[in-house]
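*Asks:*
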Amino acid sequence: MISLINGLRRLRQASRACRTNALRAAIGCAPVRCIPVVMLMPSGRRQATPLNGGASISTVITNVDVEENIGELLNLVKLAIDKGELDKAETILEMGIKICEEYQSYYAMPYMYDIMASIALATGKIGKAENILVRVIEKMVQLGIPEDNSQMVDFKLRLSRIYSLYQENVLAEIGFGTCLKEQETKINNGDMSMKTSLLYVNCLFFYGLHKISVSQYKRAKTFIDSAYSYAMKMKGLSPYQEMLILATLADLNAQLKDYDIALQYVNSAIILGKGIGSIDLPKLYIKLAKIYANMDSPSMARHWLREAAALANLFNNKKVCDEAEALLQTLSL
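Just so we're aligned, residue 825 is where the sequence shown starts under the numbering used here, counting upward by one.
1) Mapping DSSP to helix, strand and coil, what is residue 886?
2) Are residue 1074 and residue 1087 close, meaning C-beta to C-beta below 9 Å?
3) Would residue 917 pass as a contact of residue 897 if the rule is Cβ separation under 9 Å?
4) Near residue 1045, what residues of its chain come up, given a Cβ to Cβ distance below 8 Å and the 5 sequence neighbours on each side ignored?
5) What is the DSSP secondary structure of residue 979, reduced to helix, strand or coil?
6) So, helix, strand or coil for residue 895, using DSSP?
7) Considering residue 1030, what are the terminal residues of the alpha helix (DSSP H) in which it resides?
8) Could you give the first and the last residue of the continuous alpha helix (DSSP H) run that contains residue 966?
9) Enumerated in chain order, which unbroken segments of the alpha helix (DSSP H) with a length of 4 residues or greater are wholly contained in the segment 1097-1122?
10) Output the distance between the C-alpha atoms of residue 1148 and residue 967, rounded to the nearest integer angstrom.
11) Compare the Cα-Cα distances from residue 1156 to each of 1142, 1135, 1127 and 1008 and report the closest residue.
12) With a threshold of 16 other CB atoms inside 10 Å of the CB of residue 1138, please say whether the residue is buried or exposed.
13) Starting from the Cα of residue 889, find the closest Cα among 902, 920 and 1142 and give me that residue.
14) Is it buried or exposed, residue 1016, if we count other Cβ atoms within 10 angstroms and call 16 or more buried?
15) May I ask which residues mark the beginning and end of the alpha helix (DSSP H) holding residue 1066?
16) Report back the beta-carbon spacing between residue 1152 and residue 1129 to the nearest angstrom; my notes put them in contact at under 8 Å.
17) Nearest to residue 1090 by CA position, among 1113, 1036 and 1035, is which residue?
18) Return the CA-CA distance between residue 1027 and residue 1102, expressed in angstroms with no decimal places.
19) How is residue 932 classed by DSSP in three states: helix, strand or coil?
20) What span of residues does the alpha helix (DSSP H) with residue 920 cover, start to end?
21) Take every Cβ of the segment 1000-1010, pair it with every Cβ of the segment 946-953, and state whether three or more of those distances are shorter than 8 Å.
22) Taking the straight line between their C-alpha atoms, what separation do you get for residue 1133 and residue 1100?
23) In chain order, what residues of the same chain lie with their CB nearer than 6 Å to the CB of residue 1057, ignoring the 5 residues before and after it?
24) Counting C-beta neighbours from all protein chains within 10 Å, is the total for residue 1140 16 or more, i.e. buried, or is it exposed?
25) Which of the three DSSP states is assigned to residue 1007 in this structure?
26) Thinking C-beta only, is residue 1048 closer than 9 Å to residue 1029?
27) Quick check on residue 892: buried or exposed, where buried means 16 or more other Cβ atoms within 10 Å of its Cβ?
Given below as structure tokens:
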């Protein structure tokens, strides 16, 4: 991963004016998030406490004290995020990171970087998220945290997704390949924990999405098929996550003109979407309509486009509604 970071340093000199808002919209959130698991560094700092008359005694500030302080700060972060005060949340997180570094208590530090990166991604600040991820990876390397640590792999995976969005494909390939290999090694060595398995599914899924972005559809299908198969075996996905993978497989098989298989996947995704009341149902109906259109079933395609338009209108999703109506007009010609 050091080569990734060094590559980033060189690439950062280049202009990023060509990176459009489409990239910002595309980043999304990972289907599965990873619980931070990092080493706890021993520390103990003495602080003078004044007494009456100017004398003082020394008290030891332990890791427990620091962690309690950080816990209180994280509660404030949650409140700030709930109120939409993201700048305030970031300021508190920076304060927490400084406290961790000052007292050499690093247990919660990756988690705070994690939240900062998530805020940056959610607000479309992709470059800022990239810088945050590089910072925390470098810091964890300095602390001697293993490259295959779950939180480390999660950060590297997210950084690889950003490289993919920037079309920095060499760095993206290195990153995805490294993350996938590290998770495969854990599993082959007998680590069947849910944390390791979910992160493995993430690696397969997002590597597959990267392969789609470079038009390597057969290779993408291999990765995402594997992600779905493994996820079903471990039974660790939420209905929404399963729906997302099924919808992606429907798109892939349609791209490869395997329309019967694509139809099965999108119908399965729709069943899950209905079960959870997903606002993505209109998009799934459009996928279904496109598949029927490619299967020379225009009447079925028109039916599902009307369903998509009606439901999108109910959800106040003008973009999807307009797309469905435009496709209806095309089919009516």
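Glycine included, each C-beta is placed from N, C-alpha and C at the ideal position.
*Replies:* From the atom records:
1) The sequence position of residue 886 within the sequence shown is 62, counting from 1. In the structure shown, residue 886 sits in a strand (DSSP, three-state: E or B).
2) Residue 1074 sits at position 250 when you count from the first residue of the sequence shown. Residue 1087 sits at position 263 when you count from the first residue of the sequence shown. Taking 9 Å as the Cβ cut-off, residue 1074 and residue 1087 qualify as a contacting pair.
3) Counting from one through the sequence shown, the residue named residue 917 turns up at place 93. Counting from one through the sequence shown, the residue named residue 897 turns up at place 73. Going by C-beta atoms, residue 917 is nearer than 9 Å to residue 897.
4) Looking up residue 1045 in the sequence shown gives position 221. Only 1032, 1073, 1076, 1077 and 1080 meet the Cβ criterion.
5) Within the sequence shown, numbered from 1, the residue matching residue 979 stands at position 155. Of the three classes helix, strand and coil, the one that applies to residue 979 here is helix, per DSSP.
6) Translated into the one-based positions of the sequence shown, residue 895 becomes position 71. Note: residue 895 maps to helix in three-state DSSP.
7) One-based indexing of the sequence shown puts residue 1030 at position 206. Where residue 1030 is concerned, the enclosing alpha helix (DSSP H) stretches over 1018-1037.
8) On the sequence shown, position 142 is the one that residue 966 refers to. 950-966 is the extent of the alpha helix (DSSP H) around residue 966.
9) 1105-1118
10) Against the sequence shown, residue 1148 aligns to sequence position 324. Against the sequence shown, residue 967 aligns to sequence position 143. Looking at the two C-alpha atoms, the distance is approximately 52 Å.
11) Residue numbering aside, residue 1156 sits at position 332 when the sequence shown is read from its first letter. With distances taken between Cα atoms, residue 1156 lies closest to 1127.
12) For the purposes of this step, residue 1138 is taken as residue 314 along the sequence shown, with counting starting at 1. So residue 1138 ends up on the exposed side.
13) As a working note, residue 889 is residue 65 in the sequence shown. Considering only alpha carbons, the answer is 920.
14) Walking along the sequence shown from the start, residue 1016 turns up at place 192. Exposed, since its Cβ has fewer than 16 Cβ neighbours within 10 Å.
15) The residue you call residue 1066 lines up with position 242 of the sequence shown. Unbroken alpha helix (DSSP H) run through residue 1066: 1063-1079.
16) In the sequence shown, counting from the first residue as 1, residue 1152 sits at position 328. In the sequence shown, counting from the first residue as 1, residue 1129 sits at position 305. Confirmed, Cβ separation roughly 5 Å.
17) Sequence index remark: in the sequence shown, residue 1090 carries index 266 (1-based). Cα-wise, what sits closest to residue 1090 is 1113.
18) What you label residue 1027 is simply residue 203 of the sequence shown in a count that begins at 1. What you label residue 1102 is simply residue 278 of the sequence shown in a count that begins at 1. Rounded to the nearest angstrom, the two C-alpha atoms are 25 Å apart.
19) As a position in the sequence shown, residue 932 is number 108, starting the count at 1. Three-state result, residue 932: coil.
20) As a position in the sequence shown, residue 920 is number 96, starting the count at 1. Residue 920 -> alpha helix (DSSP H) spans 910-927.
21) no
22) As a position in the sequence shown, residue 1133 is number 309, starting the count at 1. As a position in the sequence shown, residue 1100 is number 276, starting the count at 1. Whole-angstrom Cα-Cα distance: 20 Å.
23) Numbered from 1 along the sequence shown, position 233 holds the residue referred to as residue 1057. Nothing meets the Cβ criterion.
24) Along the sequence shown, one-based indexing puts residue 1140 at 316. Residue 1140 comes out exposed.
25) For the purposes of this step, residue 1007 is taken as the residue at position 183 of the sequence shown. Looking at residue 1007 - three-state DSSP - the assignment turns out to be helix.
26) Position 205 of the sequence shown, counted from the start, is the residue given in the question as residue 1029. Position 224 of the sequence shown, counted from the start, is the residue given in the question as residue 1048. Contact: yes.
27) What you label residue 892 is simply residue 68 of the sequence shown in a count that begins at 1. Classification for residue 892: exposed.
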